[in-house]
Every structure is written in structure tokens, then in C-alpha cells.
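Read through the structure below, which is laid out as C-alpha cells, and then see the notes.
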Amino acid sequence: MNAPTAFVENALRVGLKESKESLYAVRGSMWAVISAIVLSLMSYLLLTDAELSLLDQSEMLYIIASLAVGLGLLVGGILAGDSIAGERERGTLEGLLLAPVGRGPLMLGKIGAIVAAWLLVFAISVPYVLVVGSGTGLSGPALLYTFLLGTLCVAGFTSLTVGISCLASSGRNVTLAALAIFIGMAAPTLLGTVLQNSWFGTIYNASSPFAQVRLSLDSVIVDREGLAVQLPHLGALVAFVVLAGAFAAIAARRISLEGSQ
Amino acid sequence: MKRRIVILVTLLAIMVASFSVPAFASQASATQMGSSTPLKIETPTQPLSGTAGQYVNLPATITNTSDNPIKDVVAYVTLVETTSGQQAPVDLEDWSAHRAVTFDSLAPGTTENASWDLRLIKGGEYVVYAAAIEKSSSQPSAGPEVTLSVTAQKNLNPGGVLPVALGVPILVGLALFLPVFWRRRHFAA
């Protein structure tokens, strides 16, 4: 067996094991149910509240699609925070490092399992997107871009958090750091329109992967713009994945049984 | 674990609150009209109308009435809600993807065409007008006011959200938790 094949096989093996562990535990399944409840509440509110139902349907669809990606990031951050630092806290890291699997496949497997959790959140969001976008003809593009943008954003965010988890000694600290990064990424959405159009808002939006996702979803769903307009957003997200992946790869080499404070 | 759940629930509440803010928040703006500007902008004055979700088009012509070329001209469309009790300028963020139309140069006496597609976001009565200004000038030119009437469309429960809103969490819960409990009982036995 050549090296790349062994690398991929080992990564798949680790990813499958992690996914099973996550799904077979109540803890892992709980995020999926919470995601479904949040999406239910939001879509029910949008389609039954007299004031909110005045919103254009494409606006509603955009809100649901953005919410699905936001939930994916939240779930990804929580699970990634626990990935290496959690093993260290439970005393299972030594055994993991002694397994006949390199650091690369190990990291890729861990990240892949968390991206799989996002895919579950995405799958849960499909019926909501279909029902909210019913009759608009926008459900297909909304699903396609939610999947594409969400997968890139979650993969980058997960890689970043797993990298931090390699270096930190406490899973709780990593989770808090992941949540702080998530809030930092989502903060541009809380800025007013005037502030978003200022130089500060422009720089903030350009540097926030989640803002890129929302801008692209807005462009696709509300403004009905094509792929060419989305390329800068997709490019920024690919760059985010590459940078975060490089950080995770460097951090993986520094995994120690103690971690750093 | 409990602490993480508390943090997660708090964040979810913040996130849901931020998503539910209506996207059509209005902002104040003011345009100073000048009588000596060499730009002239004209739009058809027939009233526009449509239903929320549809598009309407506002065409405009911008003419350089002076004997000198004008560089860097920006034309912009402005919308003001005139519905009784809700009179306010409207932020066009969701109404139009391309609000500013720019021209590098307008030769003396030439006319250029501009056009805006407006997506009707919210029902009500509006006034829309186009304005143009030379970047180095402080005197804009505004076109005539065009009334825009948008019929509200309530999207109450299209497609039947209740079965999905109730069914999906139950199905997801059953699909994920039942095998977990079954395994626990199976292995305990």
C-alpha cells in the first residue's frame, strides 16, 4: 500500500470511529436535536408571525440558510474543542498517540468527523429550507450554496479549533476560545448597515469567514446573483480553510501529553 | 458539561435574536439640491407598482448640459416610504443589489442611460427618485419623484410549516436516541 492511500485510509478509519463515538453517545446526538429545535422555532416564527410573515420569502430563506451554517459552526466549535484537549483531560491521549496512525491522518480524521456533524446539521436543515422556500424556486440554489459555503466555513473553523485544542491543556478553555472566535466571526452581522458600509465594516466583513458566507447567501438568495459574483466569497473561504489547515498541521506536531496553559 | 450547555444555550439565544432583526431597517439621509449643476437626470414619472417579491425597473437618463466634460459621475437611487405613520427613508440594501451607477466621463451635451432593478421587499407606499452627482462637486441633481405602490404579501404558513417544525425534531430525536438507548439496554442485559 503506498503512502497517500495509507494516509487516506487511516484518516477515514479515525473519522469513522470518531463519528460513531459521537453519534452513539447522547452528547453527540443532543446537538443535532437542539439544531432541529432551533430551526423549527425560527421557521415557525417566520411563517406564522403576522409581522415577520410580511418579509419577502427569499429573506426568510436567507435567514434559515444562515442559521443552519451558524448552528453548524457552533456544533463544530464545541466538538472540536473537545477533540484533542478532551482526550488529554480524560487521559486517553497517550493511547491515541501510540496507535499506529500518523499525526496527519489523526488530525484529518478528527476534523472529518466534525465536518460530518455539520453535514448532519445540514441534512436536518433541508426540510426547513424546502418548506420556507416553497414556491420561490430558490430552494435548490439555497441548499447548494448552504452546503458549499457551510462546508468550507465549518472545515476552516474546525481546523482552527482542533489546532488550538492540540496546544491547550484544557478542553473547557478551547471551547471558550472557539466560542469567542465564533462570536468574533458573527459580530459583523450585528453591525448596523451604516457601520457595515464604513471602512471598518468592510475590513471586518472581508476578514470574517462567517460574514463571507452570509454575504454570499444574501447575494444568491435575495439578490439572485450567479456563481461569478460568489467566486470572491468562495475564494476567501478556501483561503481560510488552507490557512486553518496549515495551522492545525503545525499544531499537530506540537501535541504533548501535558499541553500548554 | 453543564457549563458548556449553559454557554451554548446563551449563545443560541443571542444568535436567534440577531437573525430575527428585520433586514429593512431604515436610515436617515438628506440630499441638497442645486440649481446650477450641469447634470440633468430624468426618469419616467408614471407610477410604479407591484407585489412584494416582484421586481420593478426604474430607467433614467443623465445628461451633461454644460460645455465642459464632466468626470466621475455617480448616479444613485433613493427610496422613501410614505405609508401613513411609517414615513422614513428606506435602506436599499435588500431592494437593489447595484444601487450606484458610475460614469467615467460625460462629454458636453451627451446623455447616458442608467437603470435600477428594485426588488419589492415590503408592502406600502413609497416615493423613488434617482440622483446624480459629479464626484468633485457638492451639488447633486435629483430626478422627479416617482410613486411606488407595493402590495404586501403575507407568507403565512406556505407549504405547511407545522408538520416540519414538529416532525423533524421528533424524528431526529428518535433516529439518534433510540439506537443509543437500545444499545445501552442490549449491552446491560
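Protein sequences, first through last, are from chains F and W. Quick note on numbering: my numbering labels position 2 of the first sequence as 2, and the sequence is numbered without any gaps. All you need for my numbering is the position in the second sequence, starting with 1, plus 1000. Here a beta-carbon is modelled for each residue, glycine too, at the ideal position from N, C-alpha and C.
Simplified DSSP state of residue i, which is helix, strand or coil
i                : result
W1182 of chain W : helix
I1062 of chain W : strand
W1095 of chain W : coil
N1068 of chain W : coil
I1170 of chain W : helix
E225 of chain F  : coil
G1123 of chain W : coil
P100 of chain F  : coil
V154 of chain F  : helix
V1150 of chain W : strand
P141 of chain F  : helix
T161 of chain F  : helix
V980 of chain W  : Given that chain W is displayed from residue 1001 to residue 1189, the structure contains no residue 980 of chain W and the question cannot be resolved.
T48 of chain F   : helix
L1176 of chain W : helix
I34 of chain F   : helix
F255 of chain F  : Here residue 255 of chain F is Ile; the residue named in the question, Phe, does not match the sequence. If DSSP states are grouped into helix, strand and coil, I255 of chain F belongs with coil.
S1141 of chain W : strand
S1115 of chain W : strand
T1078 of chain W : strand
T202 of chain F  : helix
Near the ligand HEM: residue i beta-carbon under 7 Å from a heavy atom
i             : result
V8 of chain F : With respect to the ligand HEM, the structure shown offers nothing to examine, as it has no ligands at all.
Delimiting residues of the alpha helix (DSSP H) encompassing residue i
i                : result
A1107 of chain W : Premise fails: A1107 of chain W is in no alpha helix (DSSP H) and is neither H nor E.
G1050 of chain W : Element bounds for G1050 of chain W: not the alpha helix (DSSP H) but the beta strand (DSSP E), L1048 to T1051.
V14 of chain F   : A3 to Y24
A186 of chain F  : G171 to A186
P209 of chain F  : P209 to L217
G77 of chain F   : Q57 to S83
Span of the beta strand (DSSP E), counted from its first residue to its last, around residue i
i                : result
L1039 of chain W : L1039 to E1042
Member of the options whose CA lies at the smallest distance from the CA of residue i
i                : options                               : result
C153 of chain F  : F:T202, F:A177 and F:A211             : F:A211
G163 of chain F  : F:E9, F:V242 and F:N205               : F:V242
N1113 of chain W : W:S1137, W:G1167 and W:N1057          : W:N1057
S66 of chain F   : F:I111, F:T5 and F:L143               : F:L143
I34 of chain F   : W:L1176, W:R1185 and W:S1049          : W:L1176
S256 of chain F  : F:V220, F:R103 and F:F240             : F:R103
C166 of chain F  : F:V75, F:N2, F:L41 and F:L108         : F:L108
Y204 of chain F  : F:K17, F:T136, F:G137 and F:G184      : F:G184
I1070 of chain W : W:Y1055, W:A1132 and W:R1099          : W:A1132
A1107 of chain W : W:S1141, W:W1116 and W:L1039          : W:L1039
L16 of chain F   : F:K110, F:L79 and F:Q196              : F:K110
T1085 of chain W : W:G1050, W:Q1054, W:R1099 and W:G1124 : Correcting the residue type first, residue 1085 of chain W is Gly in the shown sequence and not Thr. Closest option to G1085 of chain W, Cα to Cα, is W:G1124.
L237 of chain F  : F:L148, F:I124 and F:A36              : F:L148
Y62 of chain F   : F:S139, F:L195 and F:N2               : F:S139
Contact check, residue i vs residue j, beta carbons under 8 Å
i                : j                : result
I64 of chain F   : V129 of chain F  : yes
V1077 of chain W : S43 of chain F   : no
V1180 of chain W : Y24 of chain F   : yes
D1072 of chain W : K1135 of chain W : yes
F157 of chain F  : L71 of chain F   : no
A1088 of chain W : T1151 of chain W : no
V14 of chain F   : M60 of chain F   : no
P127 of chain F  : V1101 of chain W : no
G1143 of chain W : T1043 of chain W : yes
G81 of chain F   : S159 of chain F  : no
L52 of chain F   : L46 of chain F   : yes
T1147 of chain W : V1127 of chain W : yes
P275 of chain F  : A11 of chain F   : No answer is possible for residue 275 of chain F: it lies beyond the span of chain F, which begins at 1 and ends at 261.
S22 of chain F   : E89 of chain F   : no
A155 of chain F  : V115 of chain F  : yes
G280 of chain F  : P209 of chain F  : Chain F is shown from 1 up to 261; residue 280 of chain F falls before or after that span and cannot be answered.
G1090 of chain W : V1080 of chain W : Here residue 1090 of chain W turns out to be Val, not Gly, going by the sequence shown. Yes, Cβ-Cβ distance for V1090 of chain W and V1080 of chain W is below 8 Å.
I1041 of chain W : A1097 of chain W : no
T1063 of chain W : S1137 of chain W : no
S29 of chain F   : Y145 of chain F  : no
Chain W contact for residue i (CB, 8 Å cutoff)
i               : result
I114 of chain F : no
I37 of chain F  : yes
E21 of chain F  : no
P127 of chain F : yes
S40 of chain F  : yes
Q57 of chain F  : yes
A65 of chain F  : no
S29 of chain F  : yes
S159 of chain F : no
T146 of chain F : no
E262 of chain F : Nothing can be reported for residue 262 of chain F, as the shown portion of chain F is limited to 1 through 261.
I203 of chain F : no
Cutoff 8 Å: residue i Cβ touching any chain F Cβ
i                : result
V1180 of chain W : yes
P1169 of chain W : yes
D1104 of chain W : no
V1146 of chain W : no
D1131 of chain W : The displayed chain sequence assigns Ala, not Asp, to residue 1131 of chain W. Taking Cβ atoms only, chain F never reaches closer than 8 Å to A1131 of chain W, which makes this a no.
A1030 of chain W : Caution is warranted here: a pLDDT of 32 is assigned to A1030 of chain W, below 50, making its placement in the model unreliable, and the coordinate value is therefore given only provisionally. It does not; no Cβ of chain F falls within 8 Å.
Chain-ordered chain B contacts of residue i [CB-CB under 9 Å]
i               : result
A178 of chain F : Absent from the structure: chain B. Protein chains present are F and W.
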